[in-house]
Amino acid sequence: MPHRKVGSSIHLSGQLPFKDGELLGQGVVGRDVELETAQELARHAALNCLAAAVQAVGDLDRVRIVQMLVFVASTPDFGEQSQVANAASELLIEVLGENGRHARTAIGVAGLPLNTPVEIQVICTAV
Amino acid sequence: MPHRKVGSSIHLSGQLPFKDGELLGQGVVGRDVELETAQELARHAALNCLAAAVQAVGDLDRVRIVQMLVFVASTPDFGEQSQVANAASELLIEVLGENGRHARTAIGVAGLPLNTPVEIQVICTAV
Amino acid sequence: MPHRKVGSSIHLSGQLPFKDGELLGQGVVGRDVELETAQELARHAALNCLAAAVQAVGDLDRVRIVQMLVFVASTPDFGEQSQVANAASELLIEVLGENGRHARTAIGVAGLPLNTPVEIQVICTAV
């Protein structure tokens, strides 16, 4: 299920960097994947969040992002999860302007489904 | 505290696969724990989410699941966190039907409290 | 962005144990960092959540904590994430009384931004 609403909150399912049905990368950041690649994957995951938000809200102009939780599969000593997440945040603000601004948490995790390096979970609302 | 409400959202505390006060498994999936065992543990954690939801809502028939965040203690190369989470999702839909459907995020983490292989956090609401 | 509201929910961005602009510790709990140190860092991260909540709500007396998600950078076999999180929970209850009580999830993660051992994400509301 791509989203579920409660009150004015719309919870989107975690999104991976799929494009045309293909996962754009695999591996652990800091071991197999470079920062720049992880940022590119974060942008794609954010685009998929945006697509899910539009599907939920019905209209891109009415989407407002509330919260973003960015999971980066990374080594214990990577430490640059915020730079990965910045790429996703900037994309949302680029597309949505002030409505794209959000509370955010970025963390490093051991691994992710299908060995994707990045997964993003968003809560949004309609304005 | 097992739950806390805000507006119509009910946030449940993360649930472990306890049964009759006993944790049903320990270890890291992909190292000490098989996929099938992890799925069984995910079902038990989901049952405990359901129990917490009933306690919060007062009546099973009025519980609607909104969002589920599934944490799987797993090795960096495991990659099958979604299959673990599917076991939990299916149980909720089995029990609650359409009201059991939810937005979902599954991730792999380094480790969990008491070395449980699975922990599940749910947001629900009352219908 | 330190917070974002939707309905009566206020989502705060993940907070690190910064004090006067300085991160108070680095490393992985169970490898480089002791439990007691991690608890102290969790208290500082919780204080920063409280500061962000006051900024969002406008008045400490009106802050009510709803949900806390505690991330502990830890080794696969650490298992004491709940004790780390307890230090943060106790601080919130000490300061806010009944309004500080919350649903909670504590997990262990591979690593965190800037190699902080602890990061805390809070949802709160105004009463």
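Residue numbers (UniProt numbering), protein chains in the order written: chain A, 1 to 127; chain B, 1 to 127; chain C, 1 to 127. Glycine is no exception: its CB is placed at the ideal position from the N, C-alpha and C atoms. Owing to the predicted nature of the structure, the values given are computational and were not obtained by experimental measurement.
For Glu40 of chain A, the enclosing alpha helix (DSSP H) covers residues 35-57. Closest in alpha carbon position to Ala51 of chain A, among A:Lys19, A:Val28, A:Lys5, is A:Lys19. The alpha-carbon of Ser9 of chain A is positioned some 28 Å away from that of Leu112 of chain B. Per DSSP, the unbroken alpha helix (DSSP H) holding Leu91 of chain B starts and ends at 81-96.
Residues of chain B whose Cβ lies closer than 7 Å to the Cβ of Val66 of chain C are, in chain order, Arg4, Val6, His11.
Take the alpha-carbon of Arg4 of chain A and the one of Ala103 of chain B: they are about 6 Å apart.
Between the alpha carbons of Glu98 of chain C and Leu91 of chain B lies a distance of about 34 Å. Per the C-alpha coordinates, the member of C:Thr37, C:Val109, C:Thr105, C:Ala53 positioned closest to Met1 of chain B is C:Thr105.
Under the 8 Å Cβ criterion, the stretch 19-36 of chain B does not count as touching the stretch 15-35 of chain A, having fewer than three qualifying pairs. Among the CB atoms of chain B, none fall inside 8 Å of the CB of Pro113 of chain C. Put simply, the backbone Cα of Leu16 of chain B is about 19 Å away from that of Val95 of chain B. Taking Ala53 of chain C as reference, the option from C:Leu114, C:Leu35, C:Val63 with the minimal CA-CA separation is C:Val63.
In this chain, Val127 of chain C is not harboured by any beta strand (DSSP E), its DSSP state being neither H nor E. In the three-state reduction of the DSSP assignment, Gly111 of chain B falls in the strand class.
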